[in-house]
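The structure appears right after this line, and notes come after that.
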Amino acid sequence: MHTTLTVLYTDRLEACHAFYTGLGFDFVKEQHGDGPEHYAAQTQDGCVWELYPSGRRPATGRLRLGFTVRAARGASAYAPGQHRLTDPDGRTVILSVLAAAPSS
Numbered sequence: 000m001h002t003t004l005t006v007l008y009t010d011r012l013e014a015c016h017a018f019y020t021g022l023g024f025d026f027v028k029e030q031h032g033d034g035p036e037h038y039a040a041q042t043q044d045g046c047v048w049e050l051y052p053s054g055r056r057p058a059t060g061r062l063r064l065g066f067t068v069r070a071a072r073g074a075s076a077y078a079p080g081q082h083r084l085t086d087p088d089g090r091t092v093i094l095s096v097l098a099a100a101p102s103s
């Protein structure tokens, strides 16, 4: 089993978009029919991550997330190692930064 979809509902859509983009997510803005505009990205393993405005649904509450990135991919502002971050909604994000891949 592997995760194929994760949706975060937020009252701070643009702030969360900026935060997760800074971690390396490559979001595109989407809208399906009359639904709300939201952001979607796909990870290397095929999991779709979406950020939706909370609207009629409550914002996603307490949640702890973990991501692993290479230093050269989006998280270059972070030194290799593990970093405990907090997203704009207060969710804990554990960012594990691997050393940059050696150049060929």
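Start counting the sequence shown at 0; every next residue gets the next number (numbering that gives the first Met the number 0).
Glycine included, C-beta positions come from ideal geometry on N, C-alpha and C.
Computed from a predicted structure; not experimentally measured.
Collapsed DSSP secondary structure at residue 20 in the structure displayed = Look at residue 20 here: in three-state DSSP terms it is helix.
request  = Return the first residue and the last residue of the beta strand (DSSP E) that residue 85 is part of.
outcome  = Element bounds for residue 85: 80–85.
ask   = Going by DSSP, which residues form a beta bridge with residue 26?
value = Assignment of beta-bridge partners to residue 26 by DSSP yields no partner.
task = Take residue 63 as the anchor and find which of 85, 44, 96 and 78 has the nearest alpha-carbon.
result = Checking every option, the nearest Cα to that of residue 63 belongs to 85.
task = Check each candidate in 45, 10 and 60 and name the one with the smallest Cα separation from residue 37.
result = Measuring from the Cα of residue 37, the nearest candidate turns out to be 10.
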